[in-house]
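Chains as they are written, first to last, in the numbering used here: chain F, 1 to 114; chain X, 115 to 229.
Structure follows, in C-alpha cells:
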C-alpha cells in the first residue's frame, strides 16, 4: 500500500513569513500533485510534478519533486492571509488503471495571520 | 463552464437508514470518481466510472455501498443501511482523460452524518 505522509499537519504563521510543507513516501510515484482546499469546497489542483528533480513555480509557490520521485515539497514565499487553507499532496495509485485513482496525504492546515 | 455539482451538501440520518448522494460531473467528462474523507483520515478513493461502466471499484468499503451511473451522465452513491462509521465527506470528481495530464475537478462534497 502506497502512503503519503505530510508534515507538518498544522502550520500557523504571520503574514510575510516563508514556509515549507513536505510530502514523503517510501514508494516511488510516477507523478505527484498538490491541491488546495478551502472550507466547504473540494480540492483544487495547483500543480502536477512529473520528473524527478523537477521544480515548478506558481507565483509565490514553489513545488519540487524529489530526485527519486518519493517526495515533494511546497514552499510559499511571503505568505498572505489568502494562502490560508488545507494543502494536500496526492499521487496516482500504482495499482490503478488511471491517473485519477489517487492516494492522498492527510493534509497540512495552513493559517496565515494578518 | 459549470463545475462538478454534488447534492445534497449535507445529510444527517440515523443508523440503519438509507441515503443517496448525487454527483453531476462536468459536461463531456467521461471519467467520474468517488472519494471519501472520514474524520481524522486522508481522502480515500472509492471507485471510478468510465462513462456508465465501473472501471475500478476496489475502494468501496463493503456491499452496503452501491454506485451507479446510468447513461454515463450523473452518478449516485447509495448507502444502505448506513452505519456510524460511514460518516464523512464524500467527494465526487470528474476528468476528461485518464493519462498523465488528466486533471481532476472535484465537487464541494456531501457531508454525511450518521447518528
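Yeah, the Cβ is synthetic: ideal placement off N, Cα and C, and Gly gets one too.
- Ranked by Cα distance from residue 134 of chain X, the options X:220, X:181 and X:142 are led by X:181.
- Secondary structure within the region 146-179 of chain X: not one fully enclosed alpha helix (DSSP H) run of 4 or more consecutive residues is present.
- Here the region 29-40 of chain F lies against the region 79-88 of chain F, with 3 or more beta-carbon pairs under 8 Å apart.
- At a Cβ-Cβ threshold of 8 Å, residue 15 of chain F and residue 81 of chain F count as neighbours.
- Beta-bridge partners of residue 192 of chain X (DSSP): X:134 and X:180.
- Following the DSSP letters along the chain, one finds residue 36 of chain F inside the beta strand (DSSP E) bounded by residues 32-37.
- Beta-bridge partners of residue 202 of chain X (DSSP): X:226.
- At least 8 Å separates the beta-carbon of residue 114 of chain F from that of residue 102 of chain F.
- The closest CA to that of residue 167 of chain X, considering only X:157, X:186 and X:159, is found on X:186.
- Residues of chain X whose Cβ lies closer than 7 Å to the Cβ of residue 43 of chain F are, in chain order, 220.
- Scanning chain X for C-beta atoms nearer than 7 Å to the C-beta of residue 18 of chain F yields nothing, as the closest lies near 26 Å away.
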